[in-house]
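To get the numbering used here, take the position in the sequence shown, counting from 1, and add 182.
Built from N, CA and C at the ideal position, the CB exists for glycine as well.
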Amino acid sequence: MLVPFPYGFALIGQAKAGFPATLDCMDNHNVEPAELAGLHAAVAGYNAMISSRATTRGWAYLDPNVALAALRADPNQVAIFPNTAATSCNGTASGSPFGLAFSCDGIHPSSATHRLIAQTIVQVINAKYGSNIPAVP
């Protein structure tokens, strides 16, 4: 189930404070399965168009979802929701409520994830154009 960040974050705070929190599946804040399927289809359509246009023009193309999917498979990288065991956001697996792949706001990628995507971009550019951009430190 997908819920907007402010709605879900409020429930995490409530649960972490020791108060029961119920996610009402009938609530109009939730994205219904049919709506989610539509969102996935729209994203897939945009990605296919971008890839096709890049290929037609002979440009390098990177689908970052491949690298990000590998992170999703590791619960230390993307924490299982809700991760109420985390007590702080200090960059450690035990202290990062959203996992190591996300910053403390739970929305933006962490510096490690930015580095992973940057490194992947460098690899794609080097492979496509025969360049020798150095690895991201």
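Assess, as a yes-or-no matter, whether the stretch 290–306 is touched by the stretch 241–252 under the definition of 3 or more beta carbon pairs within less than 8 Å.
yes
Please name the residue or residues paired with P291 in a DSSP beta bridge.
Indexing the sequence shown from 1 puts residue 291 at position 109. P291 is bridged to F284.
Please state whether DSSP places A275 in a helix, a strand or coil.
In the sequence shown, counting from the first residue as 1, residue 275 sits at position 93. Here the model assigns A275 a pLDDT of 46, short of 50, so the residue's position is not dependable and the matter cannot be decided.
List the endpoints of the continuous alpha helix (DSSP H) containing F313.
Numbered from 1 along the sequence shown, position 131 holds the residue referred to as residue 313. Going by the sequence as given, residue 313 is Ser instead of Phe. Per DSSP, S313 belongs to no alpha helix (DSSP H) and is neither H nor E.
Nearest-angstrom Cα distance between A216 and S233?
For the purposes of this step, residue 216 is taken as the residue at position 34 of the sequence shown. For the purposes of this step, residue 233 is taken as the residue at position 51 of the sequence shown. For A216 and S233, the distance between alpha carbons rounds to 26 Å.
Quick check: what's the CA-CA separation for A389 versus A261?
Outside the shown range of the chain, which is 183 to 319, sits residue 389, and nothing can be said about it.
Take S285 and list the residues in its own chain whose beta-carbon comes closer than 6 Å to its own, dropping the five residues that flank it on each side.
Here residue 285 is taken as the residue at index 103 of the sequence shown, counted from 1. Around S285: S292.
L218 and V306: beta carbons closer than 8 Å?
Taking the sequence shown and counting its residues from 1, the one referred to as residue 218 is at position 36. Taking the sequence shown and counting its residues from 1, the one referred to as residue 306 is at position 124. In this structure, V306 does not lie closer than 8 Å to L218 by Cβ.
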